[in-house]
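The structure under discussion appears below in the form of structure tokens.
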Amino acid sequence: MPVIGLGTWQMEADDRESAVVAIRRAIDRGMTHIDTAELYGRGAVEDIVGEAIAGIRGEVFLASKVHPDQATYAGTLRACEKSLRRLRTDRLDLYLLHWRGSQPLEETFRAFDALVQDGKIRAWGVSNFDIADLERALEIAGEGVIACNQVLYNLQERDAEHLLQVFCERHRIAFVGYSPLGSGQFPRPGSFKGDALAGIASGHGVTARAVALAYLVRRPGTFTIPKTANASHVDELALARDLVLDPEEIATLESIFPLAPPKSEIPYV
Ligand SMILES: NC(=O)c1ccc[n+]([C@@H]2O[C@H](COP(=O)([O-])OP(=O)(O)OC[C@H]3O[C@@H](n4cnc5c(N)ncnc54)[C@H](OP(=O)(O)O)[C@@H]3O)[C@@H](O)[C@H]2O)c1
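For what it's worth, my numbering labels the leading residue of the sequence shown as 47, then goes sequentially.
Quick look at the structure:
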């Protein structure tokens, strides 16, 4: 599994040809974990991904997500079929519940198990689950079944470091950070934070965004999925894979982007 993958949220708003080229470039550069969802552009993004991976499906680790409103037993099976059709493939490598909605988790997970049995998905996981949600999910599914929890994680949003990341590590649930570049709200050059990042980046011959990604994936079991629809941006981000920050650089980043007090009061021991 590549630690740096590619996100696709809002790609329907990008130039379609550039998006297809960027996805293919990402796969070429080893960012083979492609993350999408039925929600994105109401299926339009899965269609773009389907075009990009046509003929190279075997090189891709393909993840999509079911919308919680659809996540009954039958609804999940139906949603998966539709995603597979748009993605022009017969299987997903990973299928996620996009967030915990009002449908019973038992039903969604039973559908995920049926999809695994049918060879339509290889693994399944969850997204936007807090610790209470994960504890409930583990009660239903047991240990060693939930492949990952995909959650918000970037330098300015490090809350998951308090508890959630460690919880995932202890239960061997991969921790996949989304919006690693702050959904476009990345510190600008000329700002204090932007210049500090650029200083570290120049020492390694990479960009500030690559430094941010390298920080986020510094722990084993943590993955990230930056989004870009621009092939030259892919080239910049791909360099993060081999970038190892030294302890001093990590300490500098953590002083510039301090960990705020925990948002959640849920105790975890
Ligand atoms: N599970 C969930 O609920 C959830 C929620 C949010 C996101 N996600 C997933 O996580 C992925 C990533 O998060 P995100 O889309 O919120 O945002 P992000 O990856 O934090 O940031 C994406 C933004 O950064 C820009 N960018 C990327 N590389 C750049 C570069 N080298 N130079 C300049 N700008 C650059 C992109 O523009 P360009 O395209 O122009 O490069 C885009 O505007 C999503 O696409 C989605 O797959 C999941």
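The beta carbon of each residue, even a glycine, is placed where N, CA and C say it ideally should be.
For clarity, every value in this text was computed on a predicted model and none was experimentally measured.
In this structure, DSSP gives Gly-230 a helical state, which the three-state scheme calls helix. His-279 carries a helical assignment under DSSP once its states are collapsed to helix, strand and coil. DSSP places Lys-239 inside the alpha helix (DSSP H), whose first and last residues are 238 to 250.
Remark: the C-beta of His-279 is in contact range of ligand 1, defined as less than 6 Å to any heavy atom. CA-to-CA, the gap between Gly-87 and Thr-78 works out to about 21 Å. Just so you know, the alpha carbons of Val-49 and Thr-268 end up roughly 7 Å apart.
Collapsing the DSSP output to three states places Thr-154 in a helix. Annotation: Leu-305 to Met-57 spans about 31 Å, alpha carbon to alpha carbon. Short of 6 Å from the beta carbon of Asp-205, and not among the five residues preceding or following it, lie these beta carbons of its own chain, in chain order: Lys-309. Contact between Glu-84 and Glu-92 holds, since their C-beta atoms are separated by about 7 Å, short of 8 Å. Every beta strand (DSSP E) of 3 residues or more that sits fully in the segment 69 to 106 is shown, in chain order, as 79 to 81. Assigned with DSSP and collapsed to three states, Ala-169 falls in coil, not helix or strand.
When secondary structure is reduced to three states using DSSP, Gly-267 falls in the coil class, being assigned neither helix nor strand. Fully enclosed beta strand (DSSP E) runs of no fewer than 3 residues occupy 107 to 112 and 140 to 143 of the segment 105 to 150, in order along the chain. Excluding sequence positions up to five before and after Asp-281, its CB lies within less than 8 Å of the CB of Arg-71 and Arg-75, all in the same chain and listed in chain order. Going by C-alpha positions, Leu-285 is about 38 Å away from Arg-124. Judged by DSSP in its simplified three-state form, Val-66 adopts helix. When the beta-carbon positions are compared, Leu-161 and Thr-154 stay at least 7 Å from each other. Distance check between Ile-99 and each of Thr-122, Leu-52 and Glu-189 places Leu-52 closest, using alpha-carbon atoms only. Val-172 has its alpha-carbon roughly 12 Å from the corresponding atom of Ala-187. Taking a contact as a CB-CB distance under 8 Å, the pair Thr-298 and Ala-242 counts as one, their CB atoms being some 7 Å apart. Remark: C-beta atoms of Asp-139 and Arg-168 approach each other more closely than 7 Å. CA-CA distance, Ala-183 to Asp-176, rounds to 10 Å. By the neighbour-count definition (other C-beta atoms within 10 Å, threshold 16), Pro-226 is a buried residue. In the three-state reduction of the DSSP assignment, Leu-259 falls in the helix class. By the neighbour-count definition (other C-beta atoms within 10 Å, threshold 16), Glu-63 is an exposed residue. At a cut-off of 6 Å, the beta-carbon of Pro-226 counts as near ligand 1: some heavy atom of the ligand is closer than that.
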